[in-house]
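*Asks:* Submitted below is the structure of interest, expressed as C-alpha cells.
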Ligand code: ASP
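Residue numbers (our numbering): 792 to 1195.
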C-alpha cells in the first residue's frame, strides 16, 4: 500500500496539476478572468521558474566538473563526448528534416492560413554563426556564471574538470570539494523539485486562460503542423532510440520521463527543467557519470524541438511572403537550423530569436517572425518538451554503450 502511494508520488501530482491547471485555465478565458490569472496565479509559477533558474548554473557547473572527474581519465571523457556530439547533431538535423517535411505537406495540401503580413511588432535582430562560435568562449571567470551564460559555463566546467584530472594528487583534493558541493547542490535541487506541481498548475492555468480561444485562430494550423512534427519525431526517433540504443521499452521510457516532460512543457525552459531531467534519467537507469555530463550539455546545445520549429516556421513564413523554397534553400535551412538550435539558450523563447539566423541564411525577411511571435509560447511548450526528451534518450543510449 505504502509503495503504491509513493509510486503515484511526484510524477502523479505533476500530471494532476497540469490537468487541473488546464481545466481552471479553460474556465478563465474571459478577459477579466484571464487578467486575474496573470496577476495573481502566474506569479507563483514565476517563483517556481525563478527557483529552477537559480539552480541552473550550480547544477551545470558542478555536475559537469563532477561528471568529468568521475570518468577518471581524459580518454573516457573524449569517448563519451564524441558519442554524445554525434548523437546530438544527427538527431537535430533529422528534426529539421521532419519539420520541413511536415510543413511542406501542409503547404501543398493548402492547409496554411493566409495571413496579412503587416503586423510587424517583432523587432528583428541580426545574429550570425561566427558570433555564436566566438561567444562560446568566456573572457572572464565570473560573468558567465553571473549572467547564466550556459555555453560559457560549460566551457569553464570542462576546463576545470579536465585540469583537475591532469593535476594529479593536488587536483584530487579540489575534485573532492567539487564532489561534496555537488551533493549539496543536488539536495537543494530536490527541495525545489518538490514544489513542481504548484508551479506547473499556475503556469498551465495562465497559458490556457490567456491563449485559449486564440489557439483556434489563424495560426492554429501552423501550430498543429509543428505539433505533428514533434509527435512524429518523438514516436519515430525517440521511440526507436529508446528501443534500439537504450534497449528499454519506449513506454517505460516515456513514463519515466513524464515528470520532466510536463515540467519542460509548462516552464518552456530546458535549462530550468535540467534538475528533473537528471533525476528522471537516473531513475530510468542512466549511468550517473554519463547523465551528469550528457544532460547539462544537451540542455544547452541539443534542441530537436527547436530544430523542428525552425523547419516548420521557415516554410510557413516563406509561404506568407509568397516565396517558394528551392532544394538548395532547404539544405541551407537544415544546416543553419542545426547550428542555430545549438546556439539557442535553453530558456523560454530563445528559439524564436535564433530563428532570425535561419531566415537570414535563405534571404527570407526576418520581420516574418512577427507573424508567429504572438503565439510563440505555444510552439515553445512543445519544442522544449522535445528538447529535454532528446537529451534523455542520448544519456540512456550512451550509458548503454558505455556499459558494453
Ligand atoms: N525554450 C526552449 C528550451 O528551453 C528553447 C527555445 O526557445 O526553442 O529548450
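Glycine included, C-beta positions come from ideal geometry on N, C-alpha and C. Values in this document were obtained by computation on a predicted structure and should not be read as measured data.
With the cut-off set at 8 Å, would you say residue 837 and residue 1000 are in Cβ contact?
*Replies:* In the chain shown, residue 837 corresponds to position 46, counting from 1. In the chain shown, residue 1000 corresponds to position 209, counting from 1. No, these two residues do not count as a Cβ contact at 8 Å.
*Asks:* Helix, strand or coil, according to DSSP, for residue 819 in the structure here?
*Replies:* Here residue 819 is taken as the residue at index 28 of the chain shown, counted from 1. Three-state DSSP puts residue 819 in coil, outside helix and strand.
*Asks:* Per DSSP, what kind of secondary structure is residue 1153 in: helix, strand or coil?
*Replies:* Taking the first residue of the chain shown as 1, we reach residue 1153 at position 362. Three-state DSSP puts residue 1153 in coil, outside helix and strand.
*Asks:* Which value, in whole angstroms, describes the spacing of the CA atoms of residue 1081 and residue 867?
*Replies:* Here residue 1081 refers to the residue found at position 290 when the chain shown is read from its first residue. Here residue 867 refers to the residue found at position 76 when the chain shown is read from its first residue. When rounded, the distance between both Cα atoms is 10 Å.
*Asks:* Give me the Cα-Cα distance between residue 936 and residue 1151, rounded to the nearest whole angstrom.
*Replies:* In the chain shown, the residue the question calls residue 936 occupies position 145. In the chain shown, the residue the question calls residue 1151 occupies position 360. When rounded, the distance between both Cα atoms is 31 Å.
*Asks:* Since residue 1077 and residue 1064 should fall inside the 8 Å C-beta cutoff, what is the C-beta to C-beta distance between them, to a whole number of angstroms?
*Replies:* As a position in the chain shown, residue 1077 is number 286, starting the count at 1. As a position in the chain shown, residue 1064 is number 273, starting the count at 1. Residue 1077 to residue 1064, Cβ: 16 Å. No contact.
*Asks:* Please work out which residues of its chain come closer than 7 Å, Cβ to Cβ, to residue 1106, disregarding the five sequence neighbours upstream and downstream, and give them in chain order.
*Replies:* By one-based count along the chain shown, residue 1106 stands at place 315. Result list for residue 1106: 891, 894, 895, 898, 1116, in chain order.
*Asks:* Could you give the C-beta distance for residue 1173 and residue 941, rounded to a whole number, given that I count them as a contact under 8 Å?
*Replies:* Looking up residue 1173 in the chain shown gives position 382. Looking up residue 941 in the chain shown gives position 150. Not confirmed; about 21 Å, so no contact.
*Asks:* Where does the unbroken alpha helix (DSSP H) through residue 1026 begin, and where does it stop?
*Replies:* The residue labelled residue 1026 in the question sits at position 235 within the chain shown. Looking at the DSSP string, residue 1026 is not in any alpha helix (DSSP H), and its letter there is neither H nor E.
*Asks:* Looking at residue 852: is its Cβ nearer than 8 Å to the Cβ of residue 944?
*Replies:* The residue you call residue 852 lines up with position 61 of the chain shown. The residue you call residue 944 lines up with position 153 of the chain shown. In contact: residue 852 and residue 944 (Cβ atoms closer than 8 Å).
*Asks:* If you measure between the beta carbons of residue 972 and residue 850, is that distance less than 8 Å?
*Replies:* As a first step, residue 972 is located in the chain shown; it is residue number 181 there, counting from the start. As a first step, residue 850 is located in the chain shown; it is residue number 59 there, counting from the start. Against a cut-off of 8 Å, the Cβ pair of residue 850 and residue 972 comes out as no contact.
*Asks:* Quick check: the Cα distance between residue 1168 and residue 1098, rounded to an integer number of angstroms?
*Replies:* Position 377 of the chain shown, counted from the start, is the residue given in the question as residue 1168. Position 307 of the chain shown, counted from the start, is the residue given in the question as residue 1098. Going by the C-alpha atoms only, they are around 16 Å apart.
*Asks:* Based on Cα-Cα distance, which residue from 1037, 955, 903 lies nearest to residue 1015?
*Replies:* The residue given as residue 1015 occupies position 224 in the chain shown. Closest option to residue 1015, Cα to Cα, is 903.
*Asks:* Output the distance between the C-alpha atoms of residue 816 and residue 997, rounded to the nearest integer angstrom.
*Replies:* In the chain shown, the residue the question calls residue 816 occupies position 25. In the chain shown, the residue the question calls residue 997 occupies position 206. Cα to Cα, residue 816 sits roughly 6 Å from residue 997.
*Asks:* In whole angstroms, give me the CA-to-CA distance for residue 993 and residue 1036.
*Replies:* Residue numbering aside, residue 993 sits at position 202 when the chain shown is read from its first letter. Residue numbering aside, residue 1036 sits at position 245 when the chain shown is read from its first letter. Those two C-alpha atoms are separated by around 37 Å.
*Asks:* Report whether the distance from the Cβ of residue 1142 to the nearest heavy atom of the ligand ASP is below 7 Å.
*Replies:* Along the chain shown, read from residue 1 onward, the residue named residue 1142 stands at position 351. Correct: residue 1142 has its Cβ closer than 7 Å to the ligand ASP.
*Asks:* Could you check the C-alpha separation between residue 905 and residue 1164 for me, to the nearest Å?
*Replies:* Sequence index remark: in the chain shown, residue 905 carries index 114 (1-based). Sequence index remark: in the chain shown, residue 1164 carries index 373 (1-based). C-alpha separation (whole angstroms): 16 Å.
*Asks:* Taking 8 Å as the cut-off, decide whether the C-beta atoms of residue 1175 and residue 1061 are in contact.
*Replies:* Reading the chain shown from its first residue, position 384 is the one you call residue 1175. Reading the chain shown from its first residue, position 270 is the one you call residue 1061. Yes.
*Asks:* Around the Cβ of residue 1182, are there at least 16 other Cβ atoms within 10 angstroms (buried) or fewer (exposed)?
*Replies:* In the chain shown, the residue the question calls residue 1182 occupies position 391. Flag for residue 1182 reads buried.
*Asks:* Can you say whether residue 843 is buried or exposed, counting buried as having 16 or more other CB atoms within 10 angstroms of its CB?
*Replies:* Translated into positions along the chain shown, residue 843 becomes position 52. Residue 843 is buried by the Cβ-count criterion.
*Asks:* For residue 905, which of helix, strand or coil comes out of DSSP?
*Replies:* In the chain shown, counting from the first residue as 1, residue 905 sits at position 114. Coil, per DSSP.
*Asks:* Please determine whether the Cβ atom of residue 1094 lies at a distance below 7 Å from any heavy atom of the ligand ASP.
*Replies:* One-based indexing of the chain shown puts residue 1094 at position 303. Yes, the beta carbon of residue 1094 sits closer than 7 Å to at least one heavy atom of the ligand ASP.
*Asks:* State yes or no: is the C-beta of residue 883 within less than 8 Å of the C-beta of residue 1139?
*Replies:* Here the question's residue 883 lines up with position 92 in the chain shown. Here the question's residue 1139 lines up with position 348 in the chain shown. Their beta carbons are not under 8 Å apart, which means residue 883 does not touch residue 1139 by this criterion.
*Asks:* Measure the alpha-carbon distance for residue 1143 versus residue 926 and round it to whole angstroms.
*Replies:* Within the chain shown, residue 1143 is the residue found at index 352, counting from 1. Within the chain shown, residue 926 is the residue found at index 135, counting from 1. About 19 Å.
*Asks:* From what residue to what residue does the alpha helix (DSSP H) around residue 934 run?
*Replies:* In the chain shown, the residue the question calls residue 934 occupies position 143. Counting along the chain, the alpha helix (DSSP H) containing residue 934 begins and ends at 934 to 937.
*Asks:* Would you list, in sequence order, the uninterrupted alpha helix (DSSP H) runs of no fewer than 4 residues that lie entirely inside the segment 832 to 895?
*Replies:* The qualifying runs are 833 to 862.
*Asks:* Does the beta-carbon of residue 864 have 16 or more other beta-carbons within 10 angstroms, so that it is buried, or is it exposed?
*Replies:* If you number the chain shown from 1, residue 864 lands on position 73. Label assigned to residue 864: exposed.
*Asks:* Spatial neighbours of residue 1192 within its chain, please: CB distance less than 7 Å, with the 5 preceding and 5 following residues excluded, ordered by chain position.
*Replies:* Translated into positions along the chain shown, residue 1192 becomes position 401. Closer than 7 Å at Cβ, skipping near neighbours: 874.
*Asks:* I'd like the span of the alpha helix (DSSP H) that includes residue 970, first residue to last.
*Replies:* Position 179 of the chain shown, counting from 1, holds the residue named residue 970. Note, residue 970: alpha helix (DSSP H), 959 to 984.
*Asks:* Out of 1158, 938, 953, 1079, which has the shortest C-alpha to C-alpha gap to residue 848?
*Replies:* On the chain shown, residue 848 is found 57 positions in, with the first residue counted as 1. Residue 848 has its Cα closest to that of 938, out of 1158, 938, 953, 1079.
*Asks:* Can you give the Cα-Cα distance for residue 807 and residue 988, rounded to whole angstroms?
*Replies:* The residue given as residue 807 occupies position 16 in the chain shown. The residue given as residue 988 occupies position 197 in the chain shown. Roughly 8 Å between the two C-alpha positions.
*Asks:* Taking the C-alpha atoms as reference points, what is the distance between residue 949 and residue 862?
*Replies:* In the chain shown, residue 949 corresponds to position 158, counting from 1. In the chain shown, residue 862 corresponds to position 71, counting from 1. The alpha-carbon atoms of residue 949 and residue 862 are separated by roughly 12 Å.
*Asks:* Using beta carbons (cut-off 8 Å, strictly below), is residue 1031 in contact with chain D?
*Replies:* The chain inventory of the structure shown lacks chain D, comprising one protein chain alone.
*Asks:* Taking the alpha carbon of residue 1071 as the reference point, which residue from 1048, 1134, 1052, 1057 has its own alpha carbon closest?
*Replies:* Working through the chain shown from its first residue, we reach residue 1071 at position 280. For the residues 1048, 1134, 1052, 1057, the minimum Cα distance to residue 1071 belongs to 1048.
*Asks:* Please classify residue 947: is it buried, with 16 or more other beta-carbons within 10 angstroms of its beta-carbon, or exposed?
*Replies:* In the chain shown, the residue the question calls residue 947 occupies position 156. Flag for residue 947 reads buried.
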